[in-house]
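Trainee: Dropping the structure in here first, questions after.
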Amino acid sequence: MPPRLLPLAVLAGALLAGCASQALQPASLPDGSRARVAVLETTDVHSTVLSYDYYKQREDDSVGYERTATLIRRARAEFPDSFLFDSGDTIQGSVLADYQAQVQPVGCGEELGIYRAMDALGYDGGTAGNHEFNYGLGFLSQVTGTPMNVEGGHADRCAGPHFPLVLANVFSARDGAPIFRPWTVVQKDIAVTAPDGSSRRVPLRVGIIGFTPPPILEWDKQNLAGKVTVTGVVEAAQKYLPELQAQHPDLIVAVLHGGLDTAAYGPEMENGGWYLAGLPGIDALLLGHSHTEFPGPHYAGMQEVDAARGFVRGTPAVMGGFFGKDLGVIALSLERRDGHWIVDKGQTHSEVRPICPAKNVCVPADPTIAPLVKTAHEAAVAHVNTPIGETRLHLSSYFADEGNMSALAPVNAAMRDYVQRELPRLHPELAALPVLSAAAAFRTGFGGPDDYTDVAVGPLTLRSAADLYFYPNTLAAVKVDGAGLKAWLEKSAQRFNRIDPTREGEQALINPGLPGYNFDQIQGELSYLVDVSKPEGQRIVDLRYQGRPVTPQQPFIVATNNYRASGGGNFPGLDGTNTVLAAPDGAREILAQWLQRNRIIDAKDLPASSWRFAPLKTRGDVVFKGAAGKQEVAREAGLRHIRQLRDNGDGTATYAIGLSP
Numbered sequence: 003m004p005p006r007l008l009p010l011a012v013l014a015g016a017l018l019a020g021c022a023s024q025a026l027q028p029a030s031l032p033d034g035s036r037a038r039v040a041v042l043e044t045t046d047v048h049s050t051v052l053s054y055d056y057y058k059q060r061e062d063d064s065v066g067y068e069r070t071a072t073l074i075r076r077a078r079a080e081f082p083d084s085f086l087f088d089s090g091d092t093i094q095g096s097v098l099a100d101y102q103a104q105v106q107p108v109g110c111g112e113e114l115g116i117y118r119a120m121d122a123l124g125y126d127g128g129t130a131g132n133h134e135f136n137y138g139l140g141f142l143s144q145v146t147g148t149p150m151n152v153e154g155g156h157a158d159r160c161a162g163p164h165f166p167l168v169l170a171n172v173f174s175a176r177d178g179a180p181i182f183r184p185w186t187v188v189q190k191d192i193a194v195t196a197p198d199g200s201s202r203r204v205p206l207r208v209g210i211i212g213f214t215p216p217p218i219l220e221w222d223k224q225n226l227a228g229k230v231t232v233t234g235v236v237e238a239a240q241k242y243l244p245e246l247q248a249q250h251p252d253l254i255v256a257v258l259h260g261g262l263d264t265a266a267y268g269p270e271m272e273n274g275g276w277y278l279a280g281l282p283g284i285d286a287l288l289l290g291h292s293h294t295e296f297p298g299p300h301y302a303g304m305q306e307v308d309a310a311r312g313f314v315r316g317t318p319a320v321m322g323g324f325f326g327k328d329l330g331v332i333a334l335s336l337e338r339r340d341g342h343w344i345v346d347k348g349q350t351h352s353e354v355r356p357i358c359p360a361k362n363v364c365v366p367a368d369p370t371i372a373p374l375v376k377t378a379h380e381a382a383v384a385h386v387n388t389p390i391g392e393t394r395l396h397l398s399s400y401f402a403d404e405g406n407m408s409a410l411a412p413v414n415a416a417m418r419d420y421v422q423r424e425l426p427r428l429h430p431e432l433a434a435l436p437v438l439s440a441a442a443a444f445r446t447g448f449g450g451p452d453d454y455t456d457v458a459v460g461p462l463t464l465r466s467a468a469d470l471y472f473y474p475n476t477l478a479a480v481k482v483d484g485a486g487l488k489a490w491l492e493k494s495a496q497r498f499n500r501i502d503p504t505r506e507g508e509q510a511l512i513n514p515g516l517p518g519y520n521f522d523q524i525q526g527e528l529s530y531l532v533d534v535s536k537p538e539g540q541r542i543v544d545l546r547y548q549g550r551p552v553t554p555q556q557p558f559i560v561a562t563n564n565y566r567a568s569g570g571g572n573f574p575g576l577d578g579t580n581t582v583l584a585a586p587d588g589a590r591e592i593l594a595q596w597l598q599r600n601r602i603i604d605a606k607d608l609p610a611s612s613w614r615f616a617p618l619k620t621r622g623d624v625v626f627k628g629a630a631g632k633q634e635v636a637r638e639a640g641l642r643h644i645r646q647l648r649d650n651g652d653g654t655a656t657y658a659i660g661l662s663p
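Residue 32 in this note's numbering sits at position 30 of the sequence shown, and the numbers go up by one each step.
Below you can see the structure in the form of C-alpha cells.
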C-alpha cells in the first residue's frame, strides 16, 4: 500500500511542533538560565515498612517507611522538580523481611513488601547495601528482578522494583560482568527560568552510579565466596565514570551505601564516601550504612566537610538516617554556564528531615502504604507469636553496657552448645579445647528509648528469639589463643570512655565511637574485670578461665557470628583465617531451637555473668543515657549501684553508676 500523504495543515503543525520541541532542548538554553531541583534520598530502611514494633507488638510512630512516604510527598510539593533514590539496606532487617525471605519466601511473580511500598512513591533508582546479600544471591537476583550469571542466581526475570538498581563494584566470578548494571541515566523535564525571566520546561538527564561496602565478601562469605568478586568504591568509580560521562548526562549522582572516613584509603574501605566526593565528575553524593544523619553534628570538624550545609569536599551530600526515620534532601540550585548545568554551591544545601521533629510529634502515615503489605504483615505477626517455651527471668538489654547479661546469656548458651556438639564431628582434633561464646546486645538504645531487647517473664515465642538476636547472621567459631582472647575483649572495652577518678563533675561512661553491636561480651566459665580508668588496650584485668589466669598461649574456641569471624568490626586477629566452623544455620534459628529444647529457662540454665567493672572510686558521677524509669530493672539484675539522676523528657533518662565497691 502506498504511503498516505499528510494534509498540508497536519504537516505544517508537525513542523511547528518539531521547531517548538527543538527550542526546548537544553542546548538552546542561554547561559544564566537557572533551575531548582531536589534530590531526595532514603537509606537503611531495612524493610521497616510500617510504624510497628514486631517485638513489643505495638505501634511505633518513630519509625516506618509509611511515614517517610508522607515526607516524600511533602518534599515533592515543595520541589516540583525532584528525583528520588534509595541508598540500600532495603530488603532485610525486620520481621516482615525475614518472613518473606525465610519463612514464606515470595515467589518469582510476587514483589517484596518493601518494594511494593517504594513503587507506590515512584523511585528513580537505587543501589544495593551490604544487607541485600544476607539472604543469598538467588534471593537477591529474584526479588530485584535481576537475572545474574552467578551460582544460585536466577536466569529468569522475576518481579522486582519498578526502578533501576545500579551497582558498580560487585562482579560475577563466572564472567567478570557486574551483577547489576553499574550505572544508568534517568530523565525528567524540569522548569527553567531564562535570564529574561521567561520560563520553560526542558529535560534534565541525571546519571546514577552505585556502590556497596567492599567488605561484603567477608561479611557474607558463606553466600558470596567463589561466586562474586568485589572492588573498592574508588576503583569502580574510576572504571565506570568515563562510560557514564560518555552519555553526556547533565548531572551525576553517586549512590553509595557507605559513610565518611578520612583514614588512609584502601580498596577494602567500608565507608569510602569522603574519597568518592573528591573524584571529578560527581555532582552529588548519597550516603548510607552508618545509621547516622548527614549533615549533622556527628561529622562536625571532619576535614573538608561542612556538617551544617551538607558538603563533602565541595560536593553536596546527604545521609537520611535509618528505619524510615528520615528523608534526606539535597536542594540543588543549577545555573547554565557554557552550555552546561553547573551546581551553584552557594545556593545549594542538604538537610535531613525527620518523621518525628519533636517528642510525640510525628508526621502521619501515608494511608496508601499499609494496605500494600497487609497480608504479609498479618502473617508475619502470627508467625512470630508461635510458642517455643517459657522464661522465669526477665531478659533485657536496658543495662547490657553496665553488666546485665540476661539478654546475652541465652544467645551465648545456645551458640556454645551448638559448637560443643558440632565441633567434635567436624574437627575431632579440636574437641578437647575449651569453648567460649561471644555475643553483643544489638539493641542498646541507639534507635531511641524503645530500641532495647525486653523479654518479660512468661511465655517465649519466636518473636522472643528475634528480639534476643536481632540480625540474620549465621554462626561461626574461631580458634584463638589467650593473647587473642584478651585483644578481643580489649577491642570491646573501647565501648567505654576513659574515666578520670580525680575529676569533678559528670563523666560519660559510653563511647559512641564503638557501637553496641561491637561490644562483645564473652561467656563460658570465663571471668574478667574492665578497668575504665586505664587507656585503651590495658583495660582487661584478671582474665580467668575456670578460676585460673588465662595464659597468652592458651587455646580456645569461641562461638560468634559470621560477621565478626570474617573481620566485621575490625577486631584484632579476626579476619576469616582462623575460622574452624562456618555453620549453615542462622544464630537466631539456633537460639530458637535451644529455647525449644530447654522449654523453661531459669538462672541455672544460663551461664553466669562473666565480667564487671574494676573497683574505682570517682569524685564525680559516671553517667550514661538509657530508657527512663528502668531503675527497677537494674535492681532485679543485681545492679544496685545504678540510680536515675534525671528524666530527659524524651523517653530517656540520665543514670549514674557507682564503680566503687
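Note that CB positions come from ideal geometry on N, CA and C, so glycine has one too.
1) Provide the residue span of the alpha helix (DSSP H) that contains Met417, from first to last.
2) Please report the straight-line C-alpha distance between Ala594 and Asp649, rounded to a whole angstrom.
3) Could you work out which residue in Val51, Tyr56 and Asp328 is closest to Val457 when comparing CA atoms only?
4) Measure the C-alpha to C-alpha separation of Phe448 and Gly518 and round it to an integer number of angstroms.
5) Among residues of its own chain, excluding the 5 on either side of His164, which ones have a beta-carbon nearer than 6 Å to its beta-carbon?
6) Quick one: measure Cβ to Cβ for Ile218 and Pro184, integer angstroms, because I've assumed they're closer than 8 Å.
7) Just to confirm, are Leu432 and Leu425 a CB contact at a threshold of 8 Å?
8) Roughly how many angstroms separate the alpha carbons of Ala286 and His250, rounded to a whole number?
9) Per the DSSP calculation, Lys190 is bridged to which residue(s)?
10) Where does Asn406 fall in DSSP's three states?
11) Are the region 310-330 and the region 352-365 touching by the rule of at least three beta carbon pairs closer than 8 Å?
12) In the structure shown, what three-state DSSP assignment does Gly15 receive?
13) Measuring alpha carbon to alpha carbon, tell me which of Ala196, Ala440 and His133 ends up nearest Asp33.
14) Tell me where the beta strand (DSSP E) around Pro554 begins and ends.
15) Between which residues of its own chain and Asp177 is the CB-CB distance below 6 Å, once the five residues before and five after are set aside?
16) Taking 6 Å as the limit between beta carbons, can you name the residues of its chain near Ala636, skipping five residues before and five after?
17) Any idea what DSSP makes of Arg642, helix, strand or coil?
18) Which whole-angstrom value is the C-beta distance of Pro389 and Thr317, which I expect to be below 8 Å?
19) Are the CB atoms of Gly290 and Leu258 within a distance shorter than 8 Å?
20) Quick one: using the 10 Å Cβ neighbour count with 16 as the cut-off for buried, is Asp652 buried or exposed?
21) Which value, in whole angstroms, describes the spacing of the CA atoms of Ala441 and Gly234?
22) For Val365 and Arg69, which I take to be in contact (beta-carbon distance under 8 Å), what is that distance rounded to the nearest angstrom?
23) Taking 8 Å as the threshold (C-beta atoms), are Ala381 and Gln106 in contact?
24) At the level of alpha carbons, what is the spacing between Phe81 and Gln349?
25) To the nearest angstrom, report how far apart Asp403 and Ala467 are at their CA atoms.
26) Would you tell me roughly how many angstroms separate the C-alpha atoms of Leu516 and Gly261, rounded to the nearest one?
27) Using a Cβ distance threshold of 8 Å, determine whether the region 573-593 contacts the region 472-480, with at least three qualifying pairs required.
28) Taking the C-alpha atoms as reference points, what is the distance between Ser23 and Leu246?
29) With 16 as the cutoff for other CB atoms within 10 Å, does Glu506 come out buried or exposed?
30) Please check the pair Leu531 and Arg642, which I expect to be a contact at CB under 8 Å, by giving their CB distance rounded to whole angstroms.
31) Look at Thr45 and Tyr67 and say whether their C-beta atoms are less than 8 Å apart.
32) When you compare the region 479-490 with the region 112-131, are there three or more beta-carbon pairs, one atom per stretch, that lie closer than 8 Å?
33) Note down, in chain order, each residue of its chain lying with its Cβ closer than 6 Å to the Cβ of Pro166, except the 5 sequence neighbours on either side.
34) Taking 8 Å as the threshold (C-beta atoms), are Asn273 and Phe213 in contact?
35) DSSP state of Pro373, grouped into three classes?
36) Can you give me the start and stop residues for the beta strand (DSSP E) that Ser494 sits inside?
Mentor: This is what the structure holds:
1) By 1-based counting over the sequence shown, the position of residue 417 is 415. Where Met417 is concerned, the enclosing alpha helix (DSSP H) stretches over Ala411 to Leu428.
2) What you label residue 594 is simply residue 592 of the sequence shown in a count that begins at 1. What you label residue 649 is simply residue 647 of the sequence shown in a count that begins at 1. So the alpha carbons of these two residues sit roughly 36 Å apart.
3) Within the sequence shown, residue 457 is the residue found at index 455, counting from 1. Nearest C-alpha to Val457: Tyr56.
4) The sequence position of residue 448 within the sequence shown is 446, counting from 1. The sequence position of residue 518 within the sequence shown is 516, counting from 1. Distance between the alpha carbons of Phe448 and Gly518: 8 Å.
5) Taking the first residue of the sequence shown as position 1, residue 164 is located at position 162. The answer, listed in chain order, is Asp121.
6) As a first step, residue 218 is located in the sequence shown; it is residue number 216 there, counting from the start. As a first step, residue 184 is located in the sequence shown; it is residue number 182 there, counting from the start. That belief does not hold up - the Cβ atoms of Ile218 and Pro184 are roughly 16 Å apart, past 8 Å.
7) Numbered from its first residue, the sequence shown carries residue 432 at position 430. Numbered from its first residue, the sequence shown carries residue 425 at position 423. Going by C-beta atoms, Leu432 is nearer than 8 Å to Leu425.
8) As a first step, residue 286 must be located in the sequence shown, where it is residue number 284. As a first step, residue 250 must be located in the sequence shown, where it is residue number 248. About 16 Å.
9) Your numbering for residue 190 matches position 188 in the sequence shown. According to DSSP, Lys190 bridges with Leu206.
10) Residue numbering aside, residue 406 sits at position 404 when the sequence shown is read from its first letter. Assigned with DSSP and collapsed to three states, Asn406 falls in coil, not helix or strand.
11) yes
12) Counted from its first residue, the sequence shown places residue 15 at position 13. With a pLDDT of only 39 at Gly15, under the threshold of 50, the placement of this residue in the model should not be trusted, and no figure is reported.
13) Your numbering for residue 33 matches position 31 in the sequence shown. Measuring from the Cα of Asp33, the nearest candidate turns out to be Ala196.
14) Along the sequence shown, one-based indexing puts residue 554 at 552. Element bounds for Pro554: n/a, residue is neither H nor E.
15) Within the sequence shown, numbered from 1, the residue matching residue 177 stands at position 175. Counting only Cβ-Cβ distances below 6 Å, and skipping sequence neighbours, we find Asn151.
16) Here residue 636 corresponds to residue number 634 of the sequence shown, with the count starting at 1. Within the same chain, Ala636 has close Cβ partners Phe401 and Ile644.
17) Residue numbering aside, residue 642 sits at position 640 when the sequence shown is read from its first letter. In the structure shown, Arg642 sits in coil (DSSP, three-state: anything other than H, G, I, E or B).
18) If you number the sequence shown from 1, residue 389 lands on position 387. If you number the sequence shown from 1, residue 317 lands on position 315. Incorrect: roughly 53 Å between the Cβ atoms, too far for contact.
19) Here residue 258 refers to the residue found at position 256 when the sequence shown is read from its first residue. Here residue 290 refers to the residue found at position 288 when the sequence shown is read from its first residue. In this structure, Gly290 lies closer than 8 Å to Leu258 by Cβ.
20) In the sequence shown, the residue the question calls residue 652 occupies position 650. By the neighbour-count rule (16 or more Cβ atoms within 10 Å), Asp652 is not buried but exposed.
21) Here residue 441 refers to the residue found at position 439 when the sequence shown is read from its first residue. Here residue 234 refers to the residue found at position 232 when the sequence shown is read from its first residue. Each residue's Cα considered, the two are about 30 Å apart.
22) As a position in the sequence shown, residue 365 is number 363, starting the count at 1. As a position in the sequence shown, residue 69 is number 67, starting the count at 1. Contact between Val365 and Arg69 holds, since their C-beta atoms are separated by about 5 Å, short of 8 Å.
23) Stepping through the sequence shown from its first residue, residue 106 is reached at position 104. Stepping through the sequence shown from its first residue, residue 381 is reached at position 379. For Gln106 and Ala381, yes; Cβs fall inside 8 Å.
24) Here residue 81 refers to the residue found at position 79 of the sequence shown. Here residue 349 refers to the residue found at position 347 of the sequence shown. Approximately 15 Å, taken between the alpha carbons.
25) Position 401 of the sequence shown, counting from 1, holds the residue named residue 403. Position 465 of the sequence shown, counting from 1, holds the residue named residue 467. Each residue's Cα considered, the two are about 20 Å apart.
26) For the purposes of this step, residue 516 is taken as residue 514 along the sequence shown, with counting starting at 1. For the purposes of this step, residue 261 is taken as residue 259 along the sequence shown, with counting starting at 1. Each residue's alpha carbon lies about 15 Å from the other.
27) yes
28) Position 21 of the sequence shown, counted from the start, is the residue given in the question as residue 23. Position 244 of the sequence shown, counted from the start, is the residue given in the question as residue 246. Confidence at Ser23 is low in this model, with a pLDDT of 36, below 50, so the placement of that residue should be treated as unreliable; the coordinate-derived value is given next. Near 26 Å, if we compare the C-alpha coordinates of Leu246 and Ser23.
29) Counting from 1 along the sequence shown, the entry for residue 506 is found at position 504. Classification for Glu506: exposed.
30) Taking the first residue of the sequence shown as position 1, residue 531 is located at position 529. Taking the first residue of the sequence shown as position 1, residue 642 is located at position 640. Wrong, their Cβ atoms sit about 18 Å apart, outside the cutoff.
31) For the purposes of this step, residue 45 is taken as residue 43 along the sequence shown, with counting starting at 1. For the purposes of this step, residue 67 is taken as residue 65 along the sequence shown, with counting starting at 1. It is not a contact, given that the beta carbons lie outside the stated cut-off.
32) no
33) Start at 1 with the first residue of the sequence shown, and residue 166 comes out as number 164. These residues qualify, in order along the chain: Gly127 and Thr186.
34) Taking the first residue of the sequence shown as position 1, residue 213 is located at position 211. Taking the first residue of the sequence shown as position 1, residue 273 is located at position 271. Their beta carbons are not under 8 Å apart, which means Phe213 does not touch Asn273 by this criterion.
35) Counted from its first residue, the sequence shown places residue 373 at position 371. The answer is helix: DSSP assigns Pro373 an H, G or I state.
36) As a first step, residue 494 is located in the sequence shown; it is residue number 492 there, counting from the start. Per DSSP, Ser494 belongs to no beta strand (DSSP E); it is in the alpha helix (DSSP H), Gly484 to Ser494.
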